[in-house]
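The structure appears below as structure tokens.
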């Protein structure tokens, strides 16, 4: 069954600290993996998108990694800021005729001053 | 970057009335648009996938006669919540994908529906 699991479900850290969010998937065949940030009451905003051949991709203080062999991805946030408080969602695309998207449940990140 | 505009951003209606939400891709042609619903503190739930010029594909458990989706052009899709009831109150979000199916997904800002 095609699934995307994210951990932890929620995370609270102090401002300035680093954190890493995890995404494990059992999607096949794999097309790409995306990380989105969603602020409360807003639409998701794309952070990174990675294909099979990409191991690391950065977007400012956000760095995503992908291990296609173990089917794991992580999102590392460096020097967290209060504005990083949001839900982070991992989405994997199946390489089928519809390029179906499989959504993770998200990680709720709270940054405390 | 590409922009997806959603309108209205919030709407309040009486029970039994119908509400239409628009989703427009402003600077690209969206061959596929997706409609999601999100309840408080929950993740996005895909309701339906809409391809331009064809009938929408609804996810299991989503009533197609209640949530009417029209994707008549490459830049516009609409979601109509018919005979809305309080339990339909939710945050509705659309996303659009360009002509490359593996390409980027762009999300609208969402529409908050409150049914009294």
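Residue numbers (our numbering), protein chains in the order written: chain A, 132 to 244; chain B, 165 to 280. For every residue, glycine included, the Cβ atom is placed at its ideal position computed from N, Cα and C. Since this is a predicted model, take the numbers as computed values, not measurements.
In whole angstroms, what is the alpha-carbon distance linking residue 230/A and residue 224/A?
Going by the C-alpha atoms only, they are around 6 Å apart.
Since residue 234/B is in the beta strand (DSSP E), which residue starts that stretch and which ends it?
DSSP places residue 234/B in the uninterrupted beta strand (DSSP E) bounded by 231 to 237.
Three or more C-beta pairs closer than 8 Å, one from the stretch 146 to 155 of chain A and one from the stretch 234 to 243 of chain A: is that the case here?
At 8 Å Cβ cutoff, the stretches touch.
Taking C-alpha atoms, which residue in 242/B, 183/B, 209/B, 208/B lies nearest to residue 219/B?
Nearest Cα to residue 219/B within the set 242/B, 183/B, 209/B, 208/B: 242/B.
Where does the unbroken beta strand (DSSP E) through residue 198/A begin, and where does it stop?
Where residue 198/A is concerned, the enclosing beta strand (DSSP E) stretches over 193 to 198.
When 206/B, 268/B, 182/B, 169/B are compared against residue 244/B, the one with the closest alpha-carbon
It is 182/B.
Check whether the stretch 178 to 198 of chain B touches the stretch 156 to 173 of chain A, taking contact to mean three or more Cβ pairs, one atom from each stretch, closer than 8 Å.
Flag = no, the stretch 178 to 198 of chain B and the stretch 156 to 173 of chain A do not touch.
Could you tell me which residues DSSP puts in a beta bridge with residue 135/A?
Beta-bridge analysis with DSSP links residue 135/A to 156/A.
Measuring only between beta-carbons, confirm whether residue 203/B sits less than 8 Å from chain A.
Not one chain A Cβ lies under 8 Å of residue 203/B.
Between the stretch 236 to 247 of chain B and chain A, which residues of the former have CB atoms less than 9 Å from a CB of the latter, in chain order?
Listed by position, the residues of the stretch 236 to 247 of chain B near chain A (Cβ gap below 9 Å) amount to none.
Could you check which residue in 276/B, 226/B, 230/B, 215/B has the C-alpha nearest to that of residue 262/B?
It is 215/B.
Considering residue 240/A, what are the terminal residues of the beta strand (DSSP E) in which it resides?
Following the DSSP letters along the chain, one finds residue 240/A inside the beta strand (DSSP E) bounded by residues 238 to 243.
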